[in-house]
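Chemist: Take the sequence shown: its position 80, counting from 1, is numbered 1084 in our numbering, and each next residue is one higher.
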Amino acid sequence: MVRAFLFDMDGVLFDSMPGHAFAWAKVMTEYGLPMKEVDAFENEGRTGIGTISIFTQRYWGRDATEEEAKELYRRKTIVFNEYMAARGGEAPEMAGAGEVLNKVRARGLMRVLVTGSAQQSLLTRLEKHYPGHFTPELMVTGDDVRYGKPNPEPYLMALKKAGISADEAIVVENAPLGVRAAVAAGIRTIAVNTGPLDPQLLLDEGASLLFPSMQALADNLDSILQL
């Protein structure tokens, strides 16, 4: 029996990935680490340090030092916030996400947040936009984990926090690496392709179901839960 839904945040609850992709591509390229916006979508779910290390290994032949990683991530956060400020100040809610959360809550199921983000500018918005759905005790963020997605650690930690087993949970993810992490943790995973990626990438990582949007998931959620 399903007892909880585990939700990624960027690209699932908030339409924030375009801003993240712009900021990552701009800052990494400025530091001599050529990165395209689509690369950000392909690496979505990693911790900030994990993303930085992928590119420093590729172009510098080594991991970033702690100081380099902190500076890159600090600069990326600034550019992201500038990007959002120029567009009204906040990433909008993902269409359909509120309806999904309300249906999950109506059935008495737990809602657990599992995100690679550690930016307070997004985390503090959850209560504003989705009041009563998430509590700090049922959140796993980039600050909580050592490895991050695609390692299953974040989802294993989420199961532990919720006090449930893998077969009592369903994950909602939009990123291939997030799907890989959830599947590796043994959890059934619903993929929503809210970005520019080939949807087959999400199925290839092991998603049980695939929808083109959160609204499409909301429209079909009752049938899914009945099954």
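Ideal Cβ placement from N, Cα and C applies to all residues, glycine included.
Should valine 1042 be labelled buried (16 or more other beta-carbon atoms within 10 Å of its own) or exposed?
Modeler: exposed
Chemist: Just the Cα atoms here: how many angstroms apart are alanine 1008 and arginine 1109?
Modeler: 10 Å
Chemist: Tell me which residue opens and which closes the beta strand (DSSP E) that alanine 1220 is part of.
Modeler: Where alanine 1220 is concerned, there is no enclosing beta strand (DSSP E), although the alpha helix (DSSP H) around it starts and stops at 1218-1230.
Chemist: Count the C-beta pairs between the region 1019-1027 and the region 1090-1100 that are closer than 8 Å, then say yes if the count reaches three, no if not.
Modeler: yes
Chemist: Pairing CB atoms from the region 1155-1169 with CB atoms from the region 1189-1207, are three or more of them under 8 Å?
Modeler: yes
Chemist: By how many angstroms is the C-alpha of leucine 1160 removed from the C-alpha of arginine 1091?
Modeler: 36 Å
Chemist: Let me know if arginine 1184 comes out buried or exposed under the rule of 16 or more other beta-carbons within 10 Å of its beta-carbon.
Modeler: buried
Chemist: Would you call the region 1166-1175 in contact with the region 1126-1135, where contact means no fewer than 3 C-beta pairs closer than 8 Å?
Modeler: no
Chemist: When the Cα atoms are used, what is the spatial distance from lysine 1030 to methionine 1039?
Modeler: 8 Å
Chemist: For the pair the region 1060-1073 and the region 1214-1228, tell me if three or more CB-CB distances fall below 8 Å.
Modeler: Below 8 Å, too few C-beta pairs join the region 1060-1073 and the region 1214-1228 to call them touching: fewer than three.
Chemist: For isoleucine 1053, collect the residues of the same chain with a Cβ closer than 6 Å to its Cβ; drop the 5 residues on either side in sequence, then sort them by chain order.
Modeler: Ala1073
Chemist: Which value, in whole angstroms, describes the spacing of the CA atoms of glutamate 1071 and alanine 1179?
Modeler: 28 Å
Chemist: Could you check how far apart the C-beta atoms of leucine 1142 and valine 1116 are, in whole angstroms? I think they sit under 8 Å.
Modeler: 5 Å
Chemist: From which residue to which residue does the beta strand (DSSP E) around valine 1116 run?
Modeler: Start and end: 1114-1118.
Chemist: Cα separation between threonine 1119 and arginine 1050?
Modeler: 9 Å
Chemist: Out of curiosity, what's the CA-to-CA distance linking leucine 1225 and glycine 1100?
Modeler: 11 Å
Chemist: For valine 1176, which three-state DSSP category applies?
Modeler: Assigned with DSSP and collapsed to three states, valine 1176 falls in strand.
Chemist: Restricting to runs no shorter than 3 residues, where is the beta strand (DSSP E) found entirely within the region 1008-1045?
Modeler: 1008-1011
Chemist: Identify whether threonine 1060 lies in helix, strand or coil by the three-state DSSP scheme.
Modeler: helix
Chemist: Which first and last residues belong to the beta strand (DSSP E) in which isoleucine 1168 is found?
Modeler: Neither: isoleucine 1168 is in no beta strand (DSSP E) and is coded neither H nor E.
Chemist: Locate the beta strand (DSSP E) running through isoleucine 1194, then write down its first and last residues.
Modeler: It spans 1192-1196 - the beta strand (DSSP E) in which isoleucine 1194 sits, taken as one unbroken run.
Chemist: So which of Glu1034, Arg1066 and Arg1111 has the shortest CA-CA distance to glutamate 1075?
Modeler: Glu1034
Chemist: State the CB to CB distance for the pair leucine 1010 and valine 1175, rounded to an integer number of angstroms; the pair is presumed to be in contact (CB under 8 Å).
Modeler: 5 Å
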